[in-house]
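Colleague:
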């Protein structure tokens, strides 16, 4: 079952400012005129009756009253406080659920299926924004609530969210999708119209009351086998939507819904780990971006690096070039020594020849408890939903992130993601359709790095677990040039894991010389990759011992290579005006580049170069604001 949380907005303003403090949320419960709507779950109001279909193993049981939603708020706060190490959370004292009465709500005049009506797909974005407006207007009309003192408005509607790709035909396609309604959506359809007293509301999130099909749709539950296997908590959905609202970018492909990093991060399918009860912690780039953690940058070869799990700032960064690097973290799914959810289920199977339900293990073995409202509010370890324990190696490309973060498309290109997981089994299959019995397209145990991982050794005929230019996957850059980085002798699974790092050249020496490697290319046509870089100057080298300087430059100089009969370069200094472009030709006799021409390319923005094809057309490919362009250089 795949998560397909809908994000209708195309743009959002994100910044790298720290995400810290306590978020004040106004939660508005709304209901709709009761009726029979076949495409929608429920009758228009919240579930206030207890449903014992799954007996004492019910996830998010009724009644879904004010106390229930208060417990969900506590659960989400505990999640964010844990994964941010106390830096960020929800202000549960100030945050308020409206209306104040336990089983009350603001009645909306529109029918419940209006906001995601079949056949009206072109209107969905406007209508989901209209739901935010209708909720705010209804709350003020009845209770004169000025929502301006809150950081975020959340609308809670009855029924399920249209958020899952079910393993059968969806009988309720008009359920409302969980959505972050951003300022651009509000300004497009209702600019300055969503008013609450003296305040103008310009963003909000739309949340369902439940994601538990078994108790919310009795007709569907009675028609399928094992309906209790379709139970999911709304906690993960709430955490994901709040993640959007505070500026954490999504990591899946928005257009196709295909996963980008799978179950290994909150801002993808990890929001739904362990039935949505235990959302995954954000990936390390996101935690660094939010200001919750800092990495340790290693620039010299080093043996016996120890990396602890579930510990702040235990992230290793290995720089590939000026824009790419690897992040390494240790994720342990143990709830006691050497025991995780899957191993516990397998042990049970060996004894009784039946696999126990995940919820049974969480309650009976892990010892997790539901509060008086039936919500799991406290989780001992948010990695217990991982498919195994081990290292995760992430490949980060800041240029891709910079160009695509504003359009929420960091991972839209499966072949060139901004945040990519180096899957240890050697098959980069997250996000790809699979016909295998065990579907790896969302991530599985074989993607994690630990010595016992037999999937790694199916692809690598070596005795130890390593990550180098010659393994599957390899440690090359996104241009497929060698990073000269080797991660060696990865240890067995443990709360603290060990590995070594070897640099085939020493980064610290380049740093001392004020030089950065930008790319690798066979400059002199001798069959070996050479280095081209910036820093104190523009230079190239075949061995990083002798540097051939060919122009002044800085770390802001971008370089793109093209080939004709000789190697040619176009450079652009971001610190200069549009006259900062230069063309260089390689002189085989002098073994260095000569300035060929000053280029007056007519750009009124700063492009990011993609490729320079220096043939008869001399085309320069570049990207700006997530759009690809070409121009002729000559």
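Numbering (the working numbering), first residue to last: 1 to 634.
All C-beta atoms in this analysis are idealised placements derived from N, C-alpha and C, irrespective of residue type, glycine included.
(1) Between 101, 163, 176 and 464, which has its C-alpha nearest residue 132's C-alpha?
(2) Given a threshold of 16 other Cβ atoms within 10 Å of its Cβ, counted over all protein chains shown, does residue 386 qualify as buried or as exposed?
(3) Does the beta carbon of residue 405 fall short of 7 Å from some heavy atom of the ligand GDP?
(4) Which whole-angstrom value describes the C-beta separation of residue 326 and residue 393, a residue pair presumed to lie in contact below a C-beta threshold of 8 Å?
(5) Rounded to whole angstroms, what's the CA-CA distance from residue 496 to residue 533? Just pull it up for me.
(6) My output table needs one value for residue 437: the three-state DSSP class, helix, strand or coil.
(7) Could you pull the start and end residues of the beta strand (DSSP E) that residue 549 belongs to?
(8) Are residue 204 and residue 154 close, meaning C-beta to C-beta below 8 Å?
(9) Between residue 208 and residue 109, what straight-line distance do the alpha-carbon atoms span, to the nearest angstrom?
(10) Quick one, which of 31, 540, 267 and 536 has its alpha-carbon nearest residue 568's?
(11) Provide the residue(s) that pair with residue 296 in DSSP beta bridges, ordered along the chain.
(12) Take every Cβ of the stretch 315 to 325, pair it with every Cβ of the stretch 118 to 125, and state whether three or more of those distances are shorter than 8 Å.
(13) Since residue 416 is in the alpha helix (DSSP H), which residue starts that stretch and which ends it?
(14) Can you give me the C-alpha to C-alpha distance between residue 313 and residue 294, rounded to a whole angstrom?
(15) Would DSSP call residue 515 helix, strand or coil?
(16) Any idea what DSSP makes of residue 412, helix, strand or coil?
(17) Just to confirm my understanding: we take residue 19, look at its own chain, exclude 5 residues before and 5 after, and list those with CB closer than 7 Å. What are they?
(18) Can you tell which of 448, 26 and 233 has its C-alpha closest to the C-alpha of residue 75?
(19) Run the CB neighbour count on residue 354, radius 10 Å, all protein chains shown included, and call it buried at 16 or more, exposed below.
(20) For residue 60 and residue 373, I'd like the C-alpha separation in whole angstroms.
(21) As a quick exercise: from 475, 427 and 442, pick the residue whose alpha carbon is nearest that of residue 457.
(22) State the DSSP-derived secondary structure class of residue 252, mapped to helix, strand or coil.
(23) For residue 134, count neighbouring Cβ atoms within 10 angstroms of its own Cβ and tell me buried if that reaches 16, exposed if not.
(24) Find the nearest neighbour of residue 95 within the set 296, 152 and 251, judged by alpha-carbon distance.
(25) Since residue 239 is in the alpha helix (DSSP H), which residue starts that stretch and which ends it?
(26) What is the residue span of the alpha helix (DSSP H) that residue 188 lies within?
(27) From the DSSP output, in three-state form, read off residue 18 for me.
(28) I think residue 66 touches residue 102, with their Cβ atoms under 8 Å apart; what is that distance to the nearest whole Å?
(29) Where does residue 350 fall in DSSP's three states?
(30) Should the stretch 589 to 596 be called in touch with the stretch 540 to 560, which here means at least 3 C-beta pairs below 8 Å?
(31) Which residue from 405, 358 and 363 puts its Cα closest to that of residue 231?
(32) State the DSSP-derived secondary structure class of residue 261, mapped to helix, strand or coil.
(33) Which class does residue 534 belong to by DSSP, given the choice of helix, strand or coil?
(34) In three-state DSSP terms, what is residue 127?
(35) Just checking, does the stretch 454 to 470 make contact with the stretch 505 to 516 on the three C-beta pairs under 8 Å criterion?
Modeller: Looking at the coordinates:
(1) 176
(2) buried
(3) The model depicted lacks the ligand GDP and carries no ligand whatsoever.
(4) 6 Å
(5) 37 Å
(6) Residue placement at residue 437 is poorly supported in this model, since its pLDDT is 46, which falls under 50; the coordinates are not used for a value here.
(7) 548 to 551
(8) yes
(9) 18 Å
(10) 540
(11) 316
(12) no
(13) That residue, residue 416, is in no alpha helix (DSSP H); it is neither H nor E in DSSP.
(14) 5 Å
(15) strand
(16) coil
(17) 88, 246, 247, 290 and 291
(18) 233
(19) exposed
(20) 8 Å
(21) 427
(22) coil
(23) buried
(24) 152
(25) 235 to 245
(26) 183 to 190
(27) coil
(28) 5 Å
(29) helix
(30) yes
(31) 358
(32) coil
(33) strand
(34) helix
(35) no
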